[in-house]
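Residue numbers (my numbering): 1079 to 1405.
Virtual Cβ for every residue (Gly too), placed ideally from N, Cα, C.
Fair warning: this is a prediction, and the values are worked out from it, not measured in the lab.
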């Protein structure tokens, strides 16, 4: 099955057609360290149904341990040494629609499978799978928020148990910019960089805009053009949300960085957005670093897009069994 995904075979039928080729079977036997007999006409690799039956019986936690061991090896081997944000390994979280179930007796909701992914992201575009947590199917945006919150709570507990001493920075979109998610991060002694939009925390958002006018910091973003001359390509601002106490009666324990760029620069291309972060931000340099990492959340989105449209069949129905599909 894994080789089938590597070869961008989009369905089990394609995998079965390929596995019937003698040359393919020979290669699989060699890779797995097994002896291949050219004189045995019935010797071939397992069909996709056999793989499905096996995956339906395998404990998901056992497969997760393999992935965790791989990530631990990468961490020990210093693969992420140049991908740390002030001592923290950045983990992007996001939900996605996985393969669908088939069946005339199933409702649209029952046919959908969702998962919450946690992936290590890097400045050079990697998104390394770390953990996956099943998300209960939903029909509305409100249900989506509730279901992904509960999934994040379960995922965070597993992540803390598996990596108790590792410093993490959770990077997420506006759906995760909420007090419950921030409290989980603080409880685990993790940092966070979360997309900050008006819809996520309306009252706080309004108070932050007011605080920016009174006490916020601001600076122009400079870059050099092709001739080496310096030009202004954007503006970055920052404010401590504790200043919200002026409007709300109490402050918020995070900082907000806003970046508006109208030309491409080393800090990124055109962009207009804001991020809530637990990191201290006292100058433009630190603010730009936070904004850059907040925008790298798109690494995980890019990963999903490749898996859905690049021949890996993320949303294709490979089987109806929940355990096999999850594995």
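* Asked: From this set, 1111, 1139, 1104 and 1138, which residue's C-alpha is nearest residue 1122's C-alpha?
  -> Of the listed residues, the one whose Cα sits closest to residue 1122 is 1104.
* **Contact belief for residue 1201 with residue 1145 at Cβ below 8 Å, rounded distance in angstroms** => Between residue 1145 and residue 1201 the Cβ distance is about 22 Å, and since that is not below 8 Å, they are no contact.
* Pick from 1155, 1384 and 1100: whose alpha carbon is nearest that of residue 1118? -> Nearest C-alpha to residue 1118: 1100.
* With DSSP run on the structure shown, which of helix, strand or coil describes residue 1101? -> Residue state for residue 1101 is assigned as helix, using DSSP reduced to three classes.
* Should residue 1221 be labelled buried (16 or more other beta-carbon atoms within 10 Å of its own) or exposed? -> Residue 1221 comes out exposed.
* Straight-line gap, residue 1325 to residue 1285 (C-alpha atoms, nearest Å) -> Distance between the alpha carbons of residue 1325 and residue 1285 is about 6 Å.
* Asked: Roughly how many whole angstroms lie between the Cα atoms of residue 1204 and residue 1327?
  -> Between residue 1204 and residue 1327, the C-alpha separation is close to 42 Å.
* Asked: Are the CB atoms of residue 1209 and residue 1196 nearer to each other than 7 Å?
  -> With a cutoff of 7 Å on beta-carbon distance, residue 1209 and residue 1196 are scored as near each other.
* **Three-state secondary structure (DSSP) of residue 1091** => Three-state result, residue 1091: helix.
* Asked: Who are the Cβ neighbours of residue 1169 in its own chain at under 8 Å, not counting the five residues just before and after it?
  -> For residue 1169, the CB contacts under 8 Å within the same chain, skipping 5 residues up- and downstream, are 1196, 1197, 1198, 1199, 1208, 1237, 1246, 1247, 1248 and 1249 in chain order.
* Neighbour-count burial assignment, residue 1384, 16 or more Cβ in a 10 Å radius -> Exposed, since its Cβ has fewer than 16 Cβ neighbours within 10 Å.
* To do: Would you kindly report the start and end of the unbroken alpha helix (DSSP H) that includes residue 1371?
  => First-last of the alpha helix (DSSP H) with residue 1371: 1362–1373.
* Determine the closest residue to residue 1351 out of 1374, 1380 and 1108, with distance taken between C-alpha atoms. => The shortest Cα separation from residue 1351 among 1374, 1380 and 1108 belongs to 1374.
* Take residue 1298 and list the residues in its own chain whose beta-carbon comes closer than 7 Å to its own, dropping the five residues that flank it on each side. => Within the same chain, residue 1298 has close Cβ partners 1310 and 1313.
* Do residue 1158 and residue 1271 come within 7 Å of each other at the CB atom, strictly closer than that value? -> No, these two residues do not count as a Cβ contact at 7 Å.
* Nonlocal neighbours in the same chain, by C-beta distance under 6 Å from residue 1364, ignoring five residues either side -> Same-chain partners within the cutoff: there are none.
* To do: Take the Cβ of residue 1304 as the centre, count every other Cβ of all protein chains shown within 10 Å, and call the residue buried at 16 or more, exposed below.
  => Residue burial is scored here from C-beta neighbours: residue 1304 has fewer than 16 other C-beta atoms within 10 angstroms and is therefore classed as exposed.
* To do: Pick helix, strand or coil for residue 1330, following the three-state DSSP scheme.
  => Three-state result, residue 1330: coil.
* residue 1238, DSSP secondary structure in three states -> Here residue 1238 sits in helix by DSSP.
* DSSP-derived helix/strand/coil call for residue 1298 -> Residue 1298 sits in a strand when the DSSP states are folded into three classes.
* Would you decide whether residue 1254 is buried or exposed? Buried here means 16 or more other CB atoms lie within 10 Å of its CB. => It is buried - the Cβ of residue 1254 has at least 16 other Cβ atoms within 10 Å.
* residue 1199 - partner residues in DSSP beta bridges -> DSSP lists 1205 as the bridge partner or partners of residue 1199.
* Using the DSSP secondary-structure output, state which residues sit across from residue 1315 in a beta bridge. => When beta bridges are read from the DSSP output, residue 1315 appears opposite 1296 and 1336.
* Does DSSP put residue 1279 in a helix, in a strand, or in coil? -> Residue 1279 falls in the coil class under three-state DSSP.
* Measure the alpha-carbon distance for residue 1335 versus residue 1166 and round it to whole angstroms. => For residue 1335 and residue 1166, the distance between alpha carbons rounds to 19 Å.
* Asked: Is the CB-CB distance between residue 1232 and residue 1211 below 7 Å?
  -> Taking 7 Å as the Cβ cut-off, residue 1232 and residue 1211 qualify as a contacting pair.
* Measuring CA to CA, which of 1239, 1116 and 1097 is closest to residue 1143? -> Considering only alpha carbons, the answer is 1239.
* In this structure, what does DSSP give as the bridge partners for residue 1167? -> DSSP output for residue 1167 lists 1162 and 1246 as bridge partner(s).
* **Pairwise C-alpha distance: residue 1095 and residue 1138** => Taking the straight line from one Cα to the other gives about 28 Å.
* Counting along the chain, where does the alpha helix (DSSP H) carrying residue 1359 start and finish? -> Taken as a continuous stretch (DSSP letters only), residue 1359 belongs to no alpha helix (DSSP H), as it is neither H nor E.
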